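What follows is a single structure, written as structure tokens, with notes after it.
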Amino acid sequence: MEIVLLFQIKFSVMHPGTHVWPHTGPTNCRLRLHLGLVIPKTGCQWEEGKVLIFDDSFEHEVWQDADSFRLIFIIDVWHPELTRFEFVFK
Numbered sequence: 001m002e003i004v005l006l007f008q009i010k011f012s013v014m015h016p017g018t019h020v021w022p023h024t025g026p027t028n029c030r031l032r033l034h035l036g037l038v039i040p041k042t043g044c045q046w047e048e049g050k051v052l053i054f055d056d057s058f059e060h061e062v063w064q065d066a067d068s069f070r071l072i073f074i075i076d077v078w079h080p081e082l083t084r085f086e087f088v089f090k
């Protein structure tokens, strides 16, 4: 059984009209998981209770065009393809 080590966890609330300009994460040593907790019925592609996993070292941006707020739980985990050496000397 493989153990996944958490790197960071946090909540993210986005209100209607929010725009996060194009940006990248600081490293490709992690993967970011977004768990939808409160997702507007329109204007979002997430579903409540579903997880989206991505490498945020690639450029991305976010719009919150729905009529209500969006709440997600963000979990950063170490990339599963890191070698033991890379993990220790990240």
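For the sequence shown, UniProt numbering assigns the number 1 to the initial residue and increments by one for each residue that follows. Don't be surprised by glycine CBs; every beta carbon is placed ideally from N, CA and C. Note that the coordinates shown come from a computational prediction; the quantities given were computed from them, not determined experimentally.
The shortest CA-to-CA distance from residue 70 to any of 57, 34, 58 is the one to 34. Per DSSP, the unbroken beta strand (DSSP E) holding residue 18 starts and ends at 18–23.
Residues 64, 69 of the same chain have their beta carbon placed closer than 7 Å to that of residue 15, with the five preceding and five following residues left out of the count. Taking the Cβ atoms as the reference, residue 79 lies roughly 6 Å from residue 30, within the contact range of under 8 Å. Excluding sequence positions up to five before and after residue 49, its CB lies within less than 7 Å of the CB of 36, all in the same chain and listed in chain order. Comparing C-alpha distances from residue 81 to each of 72, 55, 18 shows the shortest one belongs to 55.
Rounded to whole angstroms, residue 28 and residue 40 show a C-alpha spacing of 30 Å.
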